[in-house]
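In what follows, a single structure is set out as structure tokens and then discussed.
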Amino acid sequence: MRISIVIPNYNYGRYVGSAIQSALDVDWQDTEIIVVDDGSTDDSEEVIRSFGGKIRTVFQENATQRVACNVGYAMSTGDAILFLDSDDMLHPSIGQEIAKVWRPGVSKVQFQMMRIDEEGMPMNSVFPAYDPMPTPARIREWVFATSSYPTPPGSGNVYARTFLDRIFPLHDSCGAFSDSACVAAAPFMGDVETAPRPLVFYRVHDRNDSDLTQDPTRFVREILRAKARFEYAHRQIGESTFNSESLVVRSLEVLQFRVAAPDSRLLNEDSWAPILIDCVRVPWFFPSATRKVRFVVAVWTLLTMITPKSVASKLIAKRYGR
């Protein structure tokens, strides 16, 4: 099995060298590393070129991460493809762990991720929490019931070429990021296997897109992205007769975005009362999360809804701040 590691990069000269080196250090006999620089204006090109012939490189004008991943995927030849964010790093044993669960019919293998700080030091925080352990059958059941399943973001997933060939090149219906489309479609088009070990290092820094509090409208964006990727996944399997909103509102993640969004009327007929009802209803009908997580989400959403705005803002910052 050949593993292709595609690294899209934009202005992460401070981190991209560590990402490339971690890919080179993967303990697997057949790997290829492709770095696509998306028009960086910092010292990224100098850092990338310093690796010489050990990697394959493309330097293109800025065109979004999605386009960079399209370019990298078109160049790749591997049976398994991992899109490594240029601020993250891989554990050397990730290739061995992929091989343990790799088989025909698998669309994706997912891992846990360990948070590290800007300097690469562990923060003693691992995510996602898998309880119960996701099996391919459970993941498929959860997706059809709630539109979502426990999954890490981009770098925490490796995809089968047999799956990606059916959806690449990615178009813009899922936005500028590649992981939305791949994560959403995987359970519909194959089995998702889970390796319950932290095999990817997720770097936390001041430019993380995951810090939604930097701009409150990001909560709006995340709701719209959740709808778009679920609709995209259904289109890929040729199924269009479904109500995406009726399923998306059952997602525990989307519930929290609806509570935190400055404008909650982003779904048809959505308003304060339906959201408040869902704060009680959704957590207890979301089987892929632990009871503790469901309880915490129920308490947080209710408090955020009913407390004064000044208190609610602090609760949102506590939940989604870096």
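For this note's numbering, add 90 to where a residue sits in the sequence shown, where the first one is 1. Using N, Cα and C, we set each Cβ at its ideal position, and we do this for glycine too. Here the structure is a predicted model, which means the values were calculated and not measured.
Reduced DSSP secondary structure (H/G/I, E/B, other) of Phe291: If you number the sequence shown from 1, residue 291 lands on position 201. Strand.
- request: Could you check if Phe179 is buried or exposed, using at least 16 other CB atoms within 10 Å of its CB as the buried criterion?
  value: Within the sequence shown, numbered from 1, the residue matching residue 179 stands at position 89. Going by the sequence as given, residue 179 is Met instead of Phe. Buried, by the Cβ-count rule.
query: I think Tyr292 touches Ala350, with their Cβ atoms under 8 Å apart; what is that distance to the nearest whole Å?
result: If you number the sequence shown from 1, residue 292 lands on position 202. If you number the sequence shown from 1, residue 350 lands on position 260. Between Ala350 and Tyr292 the Cβ distance is about 21 Å, and since that is not below 8 Å, they are no contact.
- request: Could you check the C-alpha separation between Pro98 and Asn160 for me, to the nearest Å?
  value: If you number the sequence shown from 1, residue 98 lands on position 8. If you number the sequence shown from 1, residue 160 lands on position 70. Going by the C-alpha atoms only, they are around 10 Å apart.
message: Output needed for Pro194: all residues of its chain with C-beta closer than 7 Å, excluding positions within five of it in sequence on either side, in chain order.
response: To locate residue 194, count along the sequence shown from 1; it is residue 104. Once the five neighbours on either side are set aside, Pro194 has no close Cβ partner at all.
field: Collapsed DSSP secondary structure at Pro98 in the structure displayed
entry: Along the sequence shown, read from residue 1 onward, the residue named residue 98 stands at position 8. Here Pro98 sits in strand by DSSP.
field: Buried or exposed by the 16-neighbour rule on C-beta atoms within 10 Å, applied to Pro398
entry: Locating residue 398 in the sequence shown gives position 308, counting from the first residue. Exposed: under 16 other Cβ atoms inside 10 Å.
message: For Val338 and Ile327, what's the separation of their Cα atoms in angstroms?
response: As a working mapping, residue 338 is identified with position 248 in the sequence shown. As a working mapping, residue 327 is identified with position 237 in the sequence shown. Val338 and Ile327: Cα-Cα distance of roughly 18 Å.
- prompt: Hey, does Phe278 have any beta-carbon neighbour from chain D nearer than 9 Å?
  reply: The structure shown contains no chain D; it holds only a single protein chain.
message: Assuming contact is defined by CB atoms lying nearer than 9 Å, are Glu283 and Val216 in contact in what I supplied?
response: Along the sequence shown, read from residue 1 onward, the residue named residue 283 stands at position 193. Along the sequence shown, read from residue 1 onward, the residue named residue 216 stands at position 126. Cβ distance not < 9 Å, so Glu283 and Val216 don't count as in contact.
message: Check whether the stretch 221 to 233 and the stretch 268 to 287 are in contact - that is, three or more C-beta pairs closer than 8 Å.
response: yes
- prompt: Tell me which same chain residues have a C-beta within less than 6 Å of the C-beta of Val125, skipping the five on either side of it?
  reply: Counting from one through the sequence shown, the residue named residue 125 turns up at place 35. Excluding sequence neighbours, Val125 sits near Ile97, Ile138, Ile145 and Thr147.
message: Going by beta-carbon coordinates alone, are Asp127 and Pro182 separated by less than 9 Å?
response: Here residue 127 refers to the residue found at position 37 when the sequence shown is read from its first residue. Here residue 182 refers to the residue found at position 92 when the sequence shown is read from its first residue. Not closer than 9 Å, so no.
message: Give the list of continuous beta strand (DSSP E) stretches no shorter than 3 residues that lie fully inside the stretch 135 to 162.
response: 146 to 150
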